[in-house]
Structure formats: structure tokens, C-alpha cells
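Worksheet for the structure shown next.
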Amino acid sequence: MRFRFLYILGAVLILTSGSCSKPNDKKEGDDKTPVTPVTPPEPEGFKRYQKDLVLNSKILREYVKYSVYLPEDYETATDTRYSVVYMLHGLGDNNNSWNGDYLHANSKILGQESLGLSKMIYVFPQGFASYYCNFYDGSYNYMDMFVNELIPLIDKEYRTIPDREHRSITGYSMGGFGACALAEKHPEMFIACAPLSMSVRTDWQYLEESQSGWENQWGIIFGGLGQTGEGRITEYYKQHCPIHYFNAENKEQLSTVHWYLICGDDEKNLLYSNDQLHCVMRDNGYAHEYRVVDGGHSSSVWNPALDEVLPMFDYYMNGVTRWSPNPETDVNPAVVTRNEDGTFASNKYKENGTGTALYIVHKNELSDSALDRIMYAACADSAFDSGYVMLPCDVSEKTLSEWMSYWDAKYPNTKKLVLGYGEGAKDALALPSGTFKRSYYVNPSTGDKPNVARDQEIYFCGTDDDSNYQGMNTLYNACKNNGAKFEYRIVNAYKDPVYNILLSISAIKSYIYY
Numbered sequence: 091m092r093f094r095f096l097y098i099l100g101a102v103l104i105l106t107s108g109s110c111s112k113p114n115d116k117k118e119g120d121d122k123t124p125v126t127p128v129t130p131p132e133p134e135g136f137k138r139y140q141k142d143l144v145l146n147s148k149i150l151r152e153y154v155k156y157s158v159y160l161p162e163d164y165e166t167a168t169d170t171r172y173s174v175v176y177m178l179h180g181l182g183d184n185n186n187s188w189n190g191d192y193l194h195a196n197s198k199i200l201g202q203e204s205l206g207l208s209k210m211i212y213v214f215p216q217g218f219a220s221y222y223c224n225f226y227d228g229s230y231n232y233m234d235m236f237v238n239e240l241i242p243l244i245d246k247e248y249r250t251i252p253d254r255e256h257r258s259i260t261g262y263s264m265g266g267f268g269a270c271a272l273a274e275k276h277p278e279m280f281i282a283c284a285p286l287s288m289s290v291r292t293d294w295q296y297l298e299e300s301q302s303g304w305e306n307q308w309g310i311i312f313g314g315l316g317q318t319g320e321g322r323i324t325e326y327y328k329q330h331c332p333i334h335y336f337n338a339e340n341k342e343q344l345s346t347v348h349w350y351l352i353c354g355d356d357e358k359n360l361l362y363s364n365d366q367l368h369c370v371m372r373d374n375g376y377a378h379e380y381r382v383v384d385g386g387h388s389s390s391v392w393n394p395a396l397d398e399v400l401p402m403f404d405y406y407m408n409g410v411t412r413w414s415p416n417p418e419t420d421v422n423p424a425v426v427t428r429n430e431d432g433t434f435a436s437n438k439y440k441e442n443g444t445g446t447a448l449y450i451v452h453k454n455e456l457s458d459s460a461l462d463r464i465m466y467a468a469c470a471d472s473a474f475d476s477g478y479v480m481l482p483c484d485v486s487e488k489t490l491s492e493w494m495s496y497w498d499a500k501y502p503n504t505k506k507l508v509l510g511y512g513e514g515a516k517d518a519l520a521l522p523s524g525t526f527k528r529s530y531y532v533n534p535s536t537g538d539k540p541n542v543a544r545d546q547e548i549y550f551c552g553t554d555d556d557s558n559y560q561g562m563n564t565l566y567n568a569c570k571n572n573g574a575k576f577e578y579r580i581v582n583a584y585k586d587p588v589y590n591i592l593l594s595i596s597a598i599k600s601y602i603y604y
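For the sequence shown, position 280 (counting from the first letter as 1) is numbered 370 according to my numbering, and the numbering increases by one without interruption.
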């Protein structure tokens with residue numbers, strides 16, 4: 091030991107004496123090598139998109155990256171504070187994926203800002219493979235990090251409005267589950283939540299999962315490692331899975347959040363589970379928006395969804411209690427001037443003497459004033475190039491086929507569309523599938539076997555409290571099973587039944603005008 095101590099002491103003395111030795115004796119100015127002055131780098135200009143910022147998480151005991159997209163006027167409007175939108179990525183992606191090669195959220199934000207979207211701060215956190223949840227055994231508490239470290243950091247570092255009324259959350263796939271789970275478990279933190287193609291499973295889907303799939307993706311988070319069958323459905327899983335969590339007991343606290351769900355019609359397993367969640371929410375009286383659109387598990391669904399998600403967030407974070415997918419419906423519609431026979435023809439149709447016919451079908455369910463408002467809602471946008479004529483058909487008076495023969499004799503047309511409401515939709519769905527170029531339905535009653543074929547285009551919408559809910563579900567399943575092109579949509583109901591029809595029309599109206 092003594093020898094080792096002396097050896098170390100000697101080494102230290104040698105190093106110390108070396109570091110203290112004088113340099114070669116030179117007088118100032120002897121070295122004729124010119125000295126190039128060091129110019130400090132120019133400060134970088136303001137960047138809206140700030141990538142790969144780092145949070146040193148004490149909870150996770152690791153670094154968590156996040157990216158931020160700031161308002162254009164953030165640097166100049168120094169007295170302004172902003173609402174915040176958190177945007178979560180899917181499994182295998184990262185904090186830059188929302189603005190990567192295929193999602194381009196920043197382009198959507200710019201486009202929506204040009205249409206009047208409020209300036210907001212967007213935060214894109216790194217989610218790893220956590221599903222944004224705390225692990226069942228406490229080994230990795232991501233949700234705690236998000237709520238107790240990330241949100242406070244954003245509120246400290248940026249000029250946010252740091253309350254739940256000005257904070258919303260969305261995400262795709264795994265990020266959709268995370269957005270839903272965070273808003274479920276912490277409704278005090280978010281005013282609105284929009285899961286896109288949420289990666290959620292029903293109980294039987296968990297039971298059917300391969301052992302490796304279960305172990306690596308779900309069991310490590312929710313418990314039940316090594317389990318098969320019912321052993322996988324742990325209490326911890328039930329406390330996070332929205333299909334279990336949106337029950338009657340939790341309704342009061344979860345109803346403080348505005349919910350919007352979307353899924354592609356080609357999703358198969360995920361479409362089934364998202365459908366089941368929608369049914370659970372509907373059965374337990376949760377107000378929510380639900381859309382099934384054409385597409386699969388891809389940006390072709392998530393990117394266009396932002397055209398509604400961002401304005402919806404904006405509305406709620408600006409104090410609006412109910413959101414409409416089409417702002418035109420929020421104003422009291424003017425009464426259209428109909429012809430003596432109750433029809434309405436556009437000027438272009440009158441000029442051409444023909445055009446597109448839209449048959450508005452009901453079964454003694456719509457008053458004249460309601461038809462006025464419906465026709466206004468259906469034609470408020472730009473019309474067809476060839477013009478259009480709207481033709482009311484009360485099938486309590488004559489069959490739809492009879493109405494079509496009657497109107498066709500008076501109003502020649504080059505294309506036939508139908509807008510069926512309530513019980514009237516049943517008559518339209520009973521006609522051969524090729525009768526109409528496209529079909530639109532609002533709260534439709536369908537019968538047991540609606541006539542749906544692969545070559546059809548069907549767009550339908552209803553309110554989340556309508557009595558024809560089972561009919562809509564029947565039509566929805568017929569569209570899926572027969573491969574029709576379709577969009578299915580549920581919107582929040584208002585007390586005014588006619589206004590609910592207008593909301594539903596506005597939700598699918600873009601498909602009329604193409």
C-alpha cells in the first residue's frame with residue numbers, strides 16, 4: 091500500500107510540475123504570425139419550428155425530446171399569450187414525425203391560419219413506445235412525466251395560457267390512444283381531445299393477440315405478462331382502455347372534455363374497436379363526434395382530419411360551447427325562394443334547362459319551413475357547374491319511384507342524387523343500387539337489408555342521440571360488408587331538430603359538390 095501511495099504521489103507531482111512549467115521565453119511581438127480575429131456567429135433568426143428540444147426528466151430518468159411550432163408573430167407580439175395543442179405521434183415515429191415527409195402538419199396549420207384559424211402553439215413530444223401511459227409496475231411513468239414535467243415546462247418556457255380551457259390534445263395511432271388516455275385520466279388538463287385512428291383493442295382482440303405481440307406491446311404496459319386469455323384483461327388495463335373507461339360512472343368528469351374520433355374504413359381491426367368505442371360512448375350518453383372516412387392507417391386519413399380538428403380545438407379554446415363542422419350553419423339561414431310546386435332551381439339550371447337533380451326524401455317528417463332551411467343548407471356552397479334542382483318527395487303521399495317519374499317530366503336532369511331523411515331514407519335504400527349517382531342520408535331509417543352495392547357512393551350522418559341509431563349502424567355495416575365508398579359520421583345533437591338536420595347536412599355537404 092505504501093509503495094502504491096508513493097507511486098501515485100510521484101505521478102501527481104510530475105503532472106503538476108509539467109502543467110506549471112513556463113513556456114519558451116518570448117517577448118511580446120516576437121511571433122510574427124498574424125492573428126485572425128474571431129467573429130462571433132450571427133444570431134439565428136426567429137424559427138417557427140424548433141426541433142429536438144430536450145427535457146431532462148427526473149421522473150423517467152432520461153432525456154425526452156420535443157419539438158415546438160410557434161405562431162408567426164410570437165417574437166413580435168410579446169404581450170400575447172396563446173392556446174396550446176399537443177400532437178402525439180404513433181408507434182415507431184418520433185417528435186418530428188408530424189412535420190416529416192408524409193404528414194406536413196405545419197402546412198395544414200398555415201393553410202388553416204389563412205382561413206382564420208387562431209394563432210396557437212403546437213407541441214410534439216417524443217413518446218417512445220409507451221402509449222403515453224404509466225407502466226403497471228411503476229417502472230416507466232410516462233404519463234406522470236407528461237402532466238407534471240412537460241406541460242409545466244411548456245407553460246414556463248413559452249407564453250401559453252396555462253389552463254385547461256386553452257389546452258387540447260390529438261394524436262394518431264399509438265398517439266391517438268395516448269391522447270385519449272391522457273384526457274381520460276386528466277380531464278382537468280384538456281378542453282378537447284381528438285384521437286385519430288386510435289390504436290385501441292376490444293377485450294376479445296387482446297385475447298386473440300399473439301403471445302409475442304401481447305408481451306412486447308401491451309403486457310409490458312398494462313400487466314398480464316406471460317398471460318393468455320382472460321388473464322390479460324387486468325384491472326390496470328381497464329383503468330386505461332377507453333372502451334372500459336367511458337362508462338356511466340365516469341360520465342360527469344369525462345363530459346367536461348369535447349371528444350372527436352376518426353378512423354379509416356379500411357382499418358379492419360382498428361375500425362372494429364373504434365366502432366365499439368363509439369357505441370359505448372353513445373350508449374352511455376357521451377356527446378361526441380365520430381367519423382369513418384375513406385382510407386386506411388395512413389396520413390391520407392390523419393392529414394385531412396386536421397382541417398376539422400384544428401378549427402374545432404380553436405372554437406372550444408375560444409369559449410364556444412358547441413362546435414359545428416361548417417360555420418355557415420351557425421348563422422340563421424335565409425329562407426330560399428321556392429317555386430310554386432315546392433322545388434328550388436339554381437339560376438344555372440334555369441339557363442340550361444337541365445342539370446343535377448337532388449331528391450329530398452322524407453315521410454311526412456318535414457314542414458315547409460324546415461324544407462326551406464334544408465334547401466338553403468344544401469345549396470349554400472358553390473353549385474354544380476351544370477346547375478341543380480332540389481325536388482321534395484314526401485313518400486307518405488306517393489312512392490319515391492312515382493315522385494321521380496313526376497319530377498323528371500317537369501325537370502329534366504343529367505344526374506340523380508338523393509338526400510334521404512329519417513323514415514324516407516328507407517324508400518331510397520330500397521331502390522336498385524344504380525338509381526342514384528350518389529346518396530346522402532341524415533338520421534336514416536334503413537330496414538333490415540338496405541340495398542348497397544360495391545359501385546355506390548353513400549354519405550350519411552346522424553346525431554348522437556337520434557332514435558334511428560340502429561338504422562345508421564345497419565347501413566354502416568352494409569357499406570363495409572359490400573365494399574361501397576362511404577363516409578359515416580356522428581355529430582353532437584342540439585335541442586332544435588331541424589338545426590340537427592342542418593348540422594348533419596353540413597358535415598357531408600362537401601361530397602355533394604364535386
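By construction, the Cβ of each residue, glycine as well, lies at the ideal position given by its N, Cα and C atoms.
Near residue i, what residues of its chain come up, given a Cβ to Cβ distance below 7 Å and the 5 sequence neighbours on each side ignored?
i, result
"G386", "G354, D356, E357"
"Y230", "L150, S220"
"D573", "The amino acid at residue 573 is misidentified as Asp; the sequence shows Gly. So the list reads R544, once near-sequence residues are dropped."
"A395", "L286, I352"
"I251", "R171, Y172, S173"
"V588", "A460, R463"
Could you have a look at residue i and say whether DSSP puts it in helix, strand or coil?
i, result
"S491", "helix"
"R372", "helix"
"A597", "helix"
"D234", "helix"
"G119", "With a pLDDT of 36 at G119, under the threshold of 50, the modelled position of this residue cannot be trusted; read the value that follows with caution. Coil, per DSSP."
"W497", "helix"
"P215", "strand"
"D142", "strand"
"Y155", "A small fix is needed here, since residue 155 is Lys in this sequence, not Tyr. Of the three classes helix, strand and coil, the one that applies to K155 here is strand, per DSSP."
"A167", "coil"
"R249", "coil"
"S379", "Before going further, note that residue 379 is Glu rather than Ser in the sequence given. Strand at E379."
"N442", "helix"
"R254", "helix"
Tell me the residue span of the alpha helix (DSSP H) that contains residue i.
i, result
"L181", "Where L181 is concerned, there is no enclosing alpha helix (DSSP H), given that its DSSP letter is neither H nor E."
"K148", "K148 -> no alpha helix (DSSP H), and no H or E assigned at all."
"Y192", "It is not in any alpha helix (DSSP H) - Y192 carries neither H nor E in the DSSP assignment."
"C270", "264 to 275"
"G561", "559 to 572"
"H334", "332 to 335"
"D404", "389 to 407"
"D517", "514 to 520"
Who are the near neighbours of residue i in its chain, counting only those whose CB is closer than 6 Å to its CB and skipping five residues on each side?
i, result
"W497", "L481"
"P523", "The residue you asked about is not Pro; residue 523 is Ser in the sequence shown. So the qualifying residues of the chain are N541, A543, Q546."
"D121", "The predicted position of D121 is uncertain, since its pLDDT is 40 and thus under 50; a value taken from the coordinates is nonetheless stated next. There are no such residues."
"L361", "C353"
"F225", "I311"
"Y380", "L351, H368, I580"
"G309", "L315"
"A282", "S258, H348, F403, Y406"
For residue i and residue j, what's the separation of their Cα atoms in angstroms?
i, j, result
"T564", "S495", "29 Å"
"L592", "K155", "44 Å"
"T553", "M264", "28 Å"
"M210", "Y172", "5 Å"
"S140", "S197", "Strictly speaking, residue 140 in this sequence is Gln, with Ser absent from that position. Rounded to whole angstroms, Q140 to S197 spans 15 Å at the Cα level."
"F38", "D365", "What is shown of the chain runs 91 to 604, which leaves residue 38 out entirely."
"P285", "G266", "4 Å"
"R322", "H330", "14 Å"
"K623", "D586", "Residue 623 falls outside the range modelled here, since the chain spans only 91 to 604, and no answer is possible."
"N408", "M371", "25 Å"
"L490", "W349", "38 Å"
"S389", "G217", "18 Å"
"L243", "I199", "23 Å"
"D431", "G206", "40 Å"
"Y164", "V410", "24 Å"
"K440", "Q560", "40 Å"
Would you give the residue range spanned by the beta strand (DSSP E) that residue i belongs to?
i, result
"F550", "547 to 553"
"A447", "446 to 452"
"K575", "575 to 581"
"K506", "505 to 511"
"V354", "Per the sequence shown, residue 354 should be read as Gly rather than Val. Where G354 is concerned, the enclosing beta strand (DSSP E) stretches over 348 to 354."
"Y531", "528 to 532"
"L481", "478 to 484"
For residue i, which residues from the same chain have a beta carbon less than 8 Å from its beta carbon, with the 5 sequence-adjacent residues on both sides left out?
i, result
"N186", "K141, D142, S157, F214"
"G268", "L178, G217, S220, Y221, Y222, C223, G261"
"N374", "F336, N337, A338, K341"
Length at least 3, wholly inside the segment 281 to 321: the beta strand (DSSP E) runs in chain order: Annotation note: the segment 281 to 321 contains the following uninterrupted beta strand (DSSP E) runs of length 3 or greater, listed N- to C-terminal: 282 to 286.
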